[in-house]
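These protein sequence lines are chains X, E, P and W, in that order.
Numbering-wise, our numbering comes out as the position in the first sequence, counting from 1, plus 1.
Numbering-wise, our numbering comes out as the position in the second sequence, counting from 1, plus 1.
Numbering-wise, our numbering comes out as the position in the third sequence, counting from 1, plus 1.
Numbering-wise, our numbering comes out as the position in the fourth sequence, counting from 1, plus 1.
For reference, the structure discussed in these notes is given below.
There are 4 protein chains.
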Amino acid sequence: MNDRLAEAREARDRYRGVRHRDEWGLEFSRIVAFSDGVFAIAITLLALTIEVPKDLPASKSVGDVLWDRRGDLIAYGVSFAVLGRLWLTHHRFFSSLERFDGALMGLNILYLAWVAMVPVTSDVLGDFGEQSTGVILYAANLLGLTTTFAISIYYSYRARLFKPQVAEMERRFAGPSTTVIAAVFALSIPVAIVSPEVATAMWLSIFLVGWRAGDIFARLRYR
Amino acid sequence: MNDRLAEAREARDRYRGVRHRDEWGLEFSRIVAFSDGVFAIAITLLALTIEVPKDLPASKSVGDVLWDRRGDLIAYGVSFAVLGRLWLTHHRFFSSLERFDGALMGLNILYLAWVAMVPVTSDVLGDFGEQSTGVILYAANLLGLTTTFAISIYYSYRARLFKPQVAEMERRFAGPSTTVIAAVFALSIPVAIVSPEVATAMWLSIFLVGWRAGDIFARLRYR
Amino acid sequence: MNDRLAEAREARDRYRGVRHRDEWGLEFSRIVAFSDGVFAIAITLLALTIEVPKDLPASKSVGDVLWDRRGDLIAYGVSFAVLGRLWLTHHRFFSSLERFDGALMGLNILYLAWVAMVPVTSDVLGDFGEQSTGVILYAANLLGLTTTFAISIYYSYRARLFKPQVAEMERRFAGPSTTVIAAVFALSIPVAIVSPEVATAMWLSIFLVGWRAGDIFARLRYR
Amino acid sequence: MNDRLAEAREARDRYRGVRHRDEWGLEFSRIVAFSDGVFAIAITLLALTIEVPKDLPASKSVGDVLWDRRGDLIAYGVSFAVLGRLWLTHHRFFSSLERFDGALMGLNILYLAWVAMVPVTSDVLGDFGEQSTGVILYAANLLGLTTTFAISIYYSYRARLFKPQVAEMERRFAGPSTTVIAAVFALSIPVAIVSPEVATAMWLSIFLVGWRAGDIFARLRYR
């Protein structure tokens, strides 16, 4: 009977082995399309967090209406820029990959769970952006997101999933700069307790120095 | 006149016959893309079940806010993992298929109807997860879903829709393990009447032993 | 100066001419993908019309909860089946096309506008399905939809947009059967004033005799 | 140490250089798919702005119900047509591009942010279309959108991103006609303060003379 069990096991392993290559090879484009779908939906749902007024008294000017919604509008602008940028980075990451494995797949699903949550925390930020709590919840969401992404990069390097010609560069530039961004979000949490405004300014600094982060990091490292 | 009717019928059959091959052959990738679209939208809509608080008193800490939403957050995590995993399984199933027919198409639409319902039952689970009713509704949704999937696998085997080299393995591993998962959801329904917590724990066990289910099943069968 | 105008016009016409072929040729797959996207989103949004109860008293059994939502659940099932079927038909139509023009493009956009409206009228049907008004609004939506589709088929035939080998069949089978379905929805509107139940039963008959409609029509025609 | 820094910098530049071509070359189709996704979602969400009545008294005829929602229905029709047309134009633009750069990418994200906002301003238009404020907010959204698009066209021309054979035509026809449309939306804002109806009529004129705008412009220019 043990023979039959061994045979069954071998069949299953063969089954899994064959699929493995097939699945992650051929299905690569589908995983990317699925991730793109989640990004596209999340980014479009952001707009729904802008609350439509229940009534519009004639006495109220357009300026007043926009001013009432300034929190929602700023949160929309920030989150659209954030998700737009994250999508670009996610794309660059995937175009550096040569193959995929189950663990990276799991990390990607976890990453997308953070992405899909952005419209919700963005809604909170729009409504309560001048309070510590609102700012902290948003920062926590993006901290989880960037941390998952940084882990994905380092894991892919270790598991030799990158294309050989870019692997070293991913580890040396993409990894550190993602870690720096995660650190800024982590730091902004205690800062938000004292001042939500300063915490928000810290995020904006990521955009302003953003693409230079890897450069700065490389410089500091080799000095 | 009967001649013209026969001719018309023949033309129609030829029309259907030609299309048949064409449609399910060339259009295969579109069916997958459509299914992926439904999955991507359903998984992103999950986040909208996390209720945004109406007001945030300064006295309330971030921990308190998260604690208030713990039901929603747990339901989000569970459902994201469930849909993520189902999507992977759905993909593996489709990559094993060689062709398609109308009945499998119908089963796939029915399957997607269960998928699209997950954000709704997940919302119920988030709000009433400590009550039997909430847990039962969620289990019923996933029971319908997994049962439809198991039927799809066995049907595809019978109708010889699988690629020859994987057909036997689909029947021996994918079929039984899907049936086991369906059985766990079915069993969790009476259990939930007594204890919603135990029922929820039963689902988690699917994840923990999950990918080993086929293995265990194969072992039991050959002992 | 007139020379320069003529030259500019010619340049523009050349520009449009070149694009024409290019655009509808190469971009064909994008138009299909866009339509599929609208279908996938509309079909997934259907689930959101199932209202989540505000509270779940322990005294209420699962059966009671489902019974309270029976209107929503039936409407969900019906609309999912309707949109699923329409998507299939839309696909078959597009796979019969050889090329595209601006007018068909406009008809397709109009068609999608009716598709996107289904979740809304389905919501009305779920809440007020036992009243004439709810049933009529749903029927009107599907009448608009099927009429637009029938016009698209006949227009495509006239403008020679179909692949030659299927053009005649499209006109003889797809055209008439779509017209029959449109007629059933049109007829169900006056019927719904007297009895919403009979009107709903008329729709179901489309599904039951559905794919035979073209056959029946052909038979009547050649007798 | 400076050697190692120079080396690191060179590696990074090589890394960026290689990616640049790769990324915008191969990833082109993904950028289009992502944009199409945002359009498809936004256009489908439009329907959700049609408010479902809370109750349907038997005394209310279907005509009354539709009349009550006339604002929502008109806004839905207008916005569906607007987004449908914008999608076509966006497509034509992308099919004229030979390559992409970071700035155009940023402009495209900004453009999509305006697109995603249309369901929100359309909702406002549906509820408050007879008031200046509602009309102005909608016009402002479309002004932002068309201005971003016009900038994208002129930028792409300057940065030599168009295919050589269509570049000149893009600059001479697509650029001016987009600018004309942006100007109509800009003009409709002061007009809306006096009369919301006239402002709305101005938008409709874009559709009626729409595709002739480039022609008219060319004629005026060469006279």
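A virtual CB, placed ideally from N, CA and C, is assigned to each residue, including glycine.
Min CB distance residue i to chain W below 7 Å
i	result
X:Ala168	no
X:Ile42	yes
X:Ala114	no
X:Val66	yes
X:Ala48	yes
Bridge partner(s) assigned by DSSP for residue i
i	result
P:Leu98	P:Phe163
Closer than 6 Å: residue i CB and nearest the ligand GTP heavy atom
i	result
W:Ser123	Absence of the ligand GTP is noted for the structure shown, with no ligands found whatsoever.
Residue-level contact to chain E via CB, residue i, 7 Å cutoff
i	result
P:Ala51	The sequence shown places Ile at residue 51 of chain P, not Ala. Answer yes: the Cβ-Cβ gap between P:Ile51 and chain E drops below 7 Å somewhere.
P:Val181	no
X:Leu162	no
P:Val210	no
X:Gly72	no
P:Phe81	yes
X:Gly38	yes
X:Thr134	yes
Straight-line gap, residue i to residue j (C-alpha atoms, nearest Å)
i	j	result
X:Leu49	W:Leu46	9 Å
X:Ser206	X:Leu87	16 Å
P:Thr201	P:Arg161	37 Å
X:Val121	E:Val53	7 Å
E:Glu131	E:Phe208	21 Å
P:Asp73	E:Met118	12 Å
P:Trp204	P:Pro197	11 Å
E:Val185	E:Gly145	12 Å
P:Asp69	E:Ala141	17 Å
E:Val125	E:Ala43	15 Å
W:Asp169	W:Arg71	In the sequence as presented, Asp is not what sits at residue 169 of chain W; that position holds Glu. Going from the Cα of W:Glu169 to the Cα of W:Arg71 covers about 44 Å.
X:Thr1	W:Leu67	Outside the shown range of chain X, which is 2 to 224, sits residue 1 of chain X, and nothing can be said about it.
X:Pro165	E:Ala34	31 Å
E:Val83	X:Leu111	12 Å
P:Ser62	W:Lys61	35 Å
W:Ile75	W:Ala114	23 Å
W:Ser97	X:Leu98	30 Å
P:Thr180	W:Asp56	33 Å
X:Leu89	X:Phe95	10 Å
E:Gly176	E:Asp102	19 Å
E:Ala59	E:Ile137	37 Å
E:Ala193	P:Gly78	26 Å
P:Arg195	P:Ser133	The question names Arg, but residue 195 of chain P in the sequence shown is Val. Cα to Cα, P:Val195 sits roughly 8 Å from P:Ser133.
X:Ile32	E:Ser80	19 Å
P:Val210	P:Ser178	11 Å
Cβ of residue i within 7 Å of any chain P Cβ
i	result
E:Val195	no
W:Leu57	yes
E:Phe29	no
W:Val63	yes
E:Thr148	no
E:Ile137	yes
E:Phe129	yes
E:Ile110	yes
Residue i at chain X interface by Cβ criterion, 7 Å
i	result
E:Gly85	yes
E:Thr45	yes
E:Val119	no
E:Ile207	no
W:Gly69	The residue asked about is misnamed: residue 69 of chain W is Asp in this sequence, not Gly. By this cut-off, W:Asp69 is not an interface position.
W:Val125	yes
W:Phe35	yes
Open item on the list: To test your reading of the DSSP string, which unbroken beta strand (DSSP E) runs of 3 or more residues are found completely within the stretch 116-167 of chain E?
Closed with: none
Task: Cβ contact check for the stretch 189-203 of chain E and the stretch 154-172 of chain E: 3 or more pairs under 8 Å - done: no
Open item on the list: Under 8 Å, with one C-beta from each stretch per pair, do the stretch 27-43 of chain E and the stretch 100-109 of chain X reach the 3-pair mark?
Closed with: no
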